[in-house]
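Student: Heads up: the sequence shown is residues 123 to 200, going by my numbering. Ideal Cβ placement from N, Cα and C applies to all residues, glycine included.
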Amino acid sequence: ANGDYEIGFQQVSELLPVQGATFVGKIPESLQSVTRFAAGIPVGAQHPKEAKALLDYLAAPDVQAEVRSTGLDSVSAH
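#1: Quick one: does the C-beta of Gln186 sit closer than 7 Å to a heavy atom of the ligand MN?
#2: To the nearest angstrom, how far is it from the Cα of Ser191 to the Cα of Asp184?
#3: How many Å lie between Ser208 and Ala143 at the Cα?
#4: Which residue wins for smallest C-alpha separation from Leu180, given the options Ser152, Glu128, Ala160?
#5: Which residue wins for smallest C-alpha separation from Ile163, given the options Ala182, Glu172, Gly147?
#6: For Ser196, which residues of its own chain have a beta-carbon under 8 Å away from its beta-carbon, when the five flanking residues on both sides are left out?
#7: Excluding the five sequence neighbours on either side, which residues of its own chain have a C-beta within less than 6 Å of the C-beta of Gly193, listed in chain order?
Here it is as C-alpha coordinates:
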(Lines of atoms letter the chains of each structure in order from A; the text may use other names.)
(Lines give C-alpha, C1' and ligand atoms only; values in the text may rest on other atoms or scores of the structure.)
Protein backbone atom coordinates (compact mmCIF):
# COMPACT_ATOMS: atom_id res chain seq x y z
CA ALA A 123 0.00 0.00 0.00
CA ASN A 124 2.71 2.47 -0.93
CA GLY A 125 0.83 4.07 -3.83
CA ASP A 126 2.59 2.37 -6.74
CA TYR A 127 -0.64 0.73 -7.96
CA GLU A 128 -4.24 1.88 -8.07
CA ILE A 129 -5.81 -1.52 -7.39
CA GLY A 130 -4.80 -4.83 -5.88
CA PHE A 131 -6.37 -8.15 -4.97
CA GLN A 132 -5.72 -10.13 -1.81
CA GLN A 133 -7.55 -12.12 0.83
CA VAL A 134 -9.71 -9.84 2.98
CA SER A 135 -8.06 -11.05 6.19
CA GLU A 136 -4.68 -10.02 4.77
CA LEU A 137 -5.87 -6.55 3.70
CA LEU A 138 -7.76 -5.37 6.77
CA PRO A 139 -4.72 -4.91 9.04
CA VAL A 140 -2.67 -3.01 6.40
CA GLN A 141 -2.42 0.67 7.25
CA GLY A 142 -3.11 2.86 4.25
CA ALA A 143 -4.98 0.17 2.32
CA THR A 144 -8.65 0.80 1.63
CA PHE A 145 -10.82 -2.30 1.41
CA VAL A 146 -13.62 -1.53 -1.05
CA GLY A 147 -15.28 -4.94 -1.29
CA LYS A 148 -15.06 -8.53 -2.35
CA ILE A 149 -14.89 -9.69 -5.95
CA PRO A 150 -17.98 -11.54 -7.26
CA GLU A 151 -18.54 -15.02 -5.81
CA SER A 152 -18.17 -16.59 -9.27
CA LEU A 153 -14.57 -15.32 -9.45
CA GLN A 154 -13.49 -16.14 -5.91
CA SER A 155 -11.23 -18.96 -4.87
CA VAL A 156 -12.00 -19.66 -1.23
CA THR A 157 -9.22 -20.81 1.08
CA ARG A 158 -10.55 -23.24 3.66
CA PHE A 159 -8.84 -24.05 6.92
CA ALA A 160 -9.57 -27.14 8.99
CA ALA A 161 -8.64 -28.26 12.47
CA GLY A 162 -8.77 -31.60 14.17
CA ILE A 163 -7.44 -33.52 17.11
CA PRO A 164 -4.99 -36.26 16.18
CA VAL A 165 -5.28 -39.72 17.65
CA GLY A 166 -2.78 -39.88 20.49
CA ALA A 167 -2.84 -36.12 21.19
CA GLN A 168 -1.28 -35.33 24.56
CA HIS A 169 -4.08 -32.94 25.54
CA PRO A 170 -7.23 -33.93 23.63
CA LYS A 171 -9.65 -32.36 26.14
CA GLU A 172 -7.88 -29.01 25.94
CA ALA A 173 -7.75 -29.23 22.15
CA LYS A 174 -11.49 -29.93 22.02
CA ALA A 175 -12.14 -26.99 24.35
CA LEU A 176 -10.19 -24.70 22.00
CA LEU A 177 -12.10 -25.94 18.94
CA ASP A 178 -15.42 -25.56 20.78
CA TYR A 179 -14.45 -22.03 21.78
CA LEU A 180 -13.55 -21.07 18.20
CA ALA A 181 -16.90 -22.44 16.96
CA ALA A 182 -18.97 -20.71 19.68
CA PRO A 183 -21.56 -18.21 18.44
CA ASP A 184 -20.26 -15.40 20.68
CA VAL A 185 -16.79 -15.68 19.11
CA GLN A 186 -18.03 -15.41 15.53
CA ALA A 187 -18.28 -11.60 15.51
CA GLU A 188 -14.56 -11.41 16.32
CA VAL A 189 -13.75 -14.00 13.65
CA ARG A 190 -15.72 -12.07 11.02
CA SER A 191 -14.08 -8.77 12.07
CA THR A 192 -10.76 -10.17 10.84
CA GLY A 193 -12.17 -10.77 7.35
CA LEU A 194 -12.57 -14.50 7.83
CA ASP A 195 -15.85 -16.34 7.38
CA SER A 196 -17.53 -17.87 10.39
CA VAL A 197 -16.17 -21.05 11.87
CA SER A 198 -18.44 -24.06 11.66
CA ALA A 199 -18.20 -27.26 13.63
CA HIS A 200 -18.68 -30.55 11.80
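Tutor: On the basis of the supplied data:
#1: Questions concerning the ligand MN fall outside what the structure shown contains, since it holds no ligand whatsoever.
#2: Locating residue 191 in the sequence shown gives position 69, where the first residue counts as 1. Locating residue 184 in the sequence shown gives position 62, where the first residue counts as 1. If you take the alpha carbons of Ser191 and Asp184, they lie about 13 Å apart.
#3: The question about residue 208 has no answer, for the chain in this structure spans 123 to 200.
#4: Numbered from its first residue, the sequence shown carries residue 180 at position 58. Out of Ser152, Glu128, Ala160, Ala160 has the C-alpha closest to the C-alpha of Leu180.
#5: Along the sequence shown, one-based indexing puts residue 163 at 41. In terms of CA proximity to Ile163, Glu172 leads the group Ala182, Glu172, Gly147.
#6: Translated into the one-based positions of the sequence shown, residue 196 becomes position 74. Excluding residues within five positions, the ones whose Cβ falls inside 8 Å are Gln186, Val189, Arg190.
#7: For the purposes of this step, residue 193 is taken as residue 71 along the sequence shown, with counting starting at 1. Close CB contacts of Gly193 within its chain, under the 6 Å cut and outside five residues either way in sequence, are with Val134, Ser135, Leu138 (chain order).
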